[in-house]
Amino acid sequence: MNKNVIGTCPVCGENLTVSVLTCDGCNTSIHGSFNLSKFDYLSTAQQEFAFVFIKNGGNIKLIEKELNISYPTVKKNLDDLINALGFEKINETLVDKPSKEDIYKALKNGEITFDEAEEMLKEV
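For what it's worth, my numbering labels the leading residue of the sequence shown as 272, then goes sequentially.
Structure representation (structure tokens):
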């Protein structure tokens with residue numbers, strides 16, 4: 272039975288490396304020191320969030336709905352994921368934020384909920 276790869280040592284917390292690769296078809300084994308991807312070092316919750324984020328094309332409203340979490344929780348999980356992958360958080364002052372008019376329009380068109388609009392307006 273195949274199991275998911277773990278990226279960190281359950282004893283000391285250091286990163287793990289793969290030392291043997293084996294072919295299920297012919298039993299060939301390759302020994303060496305193989306690195307895992309950055310995704311293998313994420314927690315299970317972070318991996319699941321990353322897959323949901325990608326599956327939904329980064330659409331926060333769809334992510335909220337699928338995971339049954341709020342906008343601020345989606346943003347926090349995304350920030351945690353960005354950090355865990357070793358990237359710096361984007362300086363949001365440099366990113367175009369929606370204007371009050373954009374937020375009101377999205378609310379009027381049913382693209383966001385009242386609570387989402389309220390959260391977004393706090394950031395404007």
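Where a beta carbon is used, it is the ideal one built from N, C-alpha and C, also for glycine.
**Asked** Which residues bound the alpha helix (DSSP H) around residue 392?
**Response** Segment 385-393, the alpha helix (DSSP H) holding residue 392.
**Item:** residue 273 versus 288, 294, 285, residue with shortest Cα-Cα distance
**Value:** The candidate whose alpha carbon is nearest that of residue 273 is 294.
**Request:** Can you say whether residue 375 is buried or exposed, counting buried as having 16 or more other CB atoms within 10 angstroms of its CB?
**Result:** So residue 375 ends up on the exposed side.
**Prompt:** Is residue 316 buried or exposed, if buried means 16 or more other CB atoms sit within 10 Å of its CB?
**Reply:** Looking at its Cβ environment, which holds fewer than 16 other Cβ atoms inside 10 Å, residue 316 is exposed.
**Request:** Name the residue from 276, 368, 331, 296 whose alpha carbon lies nearest to the alpha carbon of residue 290.
**Result:** For the options 276, 368, 331, 296, the alpha carbon positioned closest to that of residue 290 is the one of 276.
**Asked** Do the segment 279-289 and the segment 300-308 touch if we need at least three Cβ pairs shorter than 8 angstroms?
**Response** With a cut-off of 8 angstroms, the segment 300-308 and the segment 279-289 count as touching, because enough Cβ pairs lie within range.
**Asked** Can the beta-carbon of residue 390 be found closer than 9 angstroms to that of residue 378?
**Response** The Cβ-Cβ distance between residue 390 and residue 378 does not fall below 9 angstroms.
**Prompt:** Buried or exposed: where does residue 356 fall if 16 or more other Cβ atoms within 10 Å of its Cβ makes it buried?
**Reply:** Exposed, since its Cβ has fewer than 16 Cβ neighbours within 10 Å.
**Request:** Measure the alpha-carbon distance for residue 301 versus residue 370 and round it to whole angstroms.
**Result:** The C-alpha of residue 301 lies about 56 angstroms from the C-alpha of residue 370.
**Item:** Best match in 303, 313, 333 for proximity to residue 278 [C-alpha to C-alpha]
**Value:** Of 303, 313, 333, the residue nearest in Cα terms is 313.
**Item:** CA nearest to the CA of residue 385, picked from 351, 342, 353
**Value:** Comparing Cα-Cα distances from residue 385 to each of 351, 342, 353, the minimum goes to 342.
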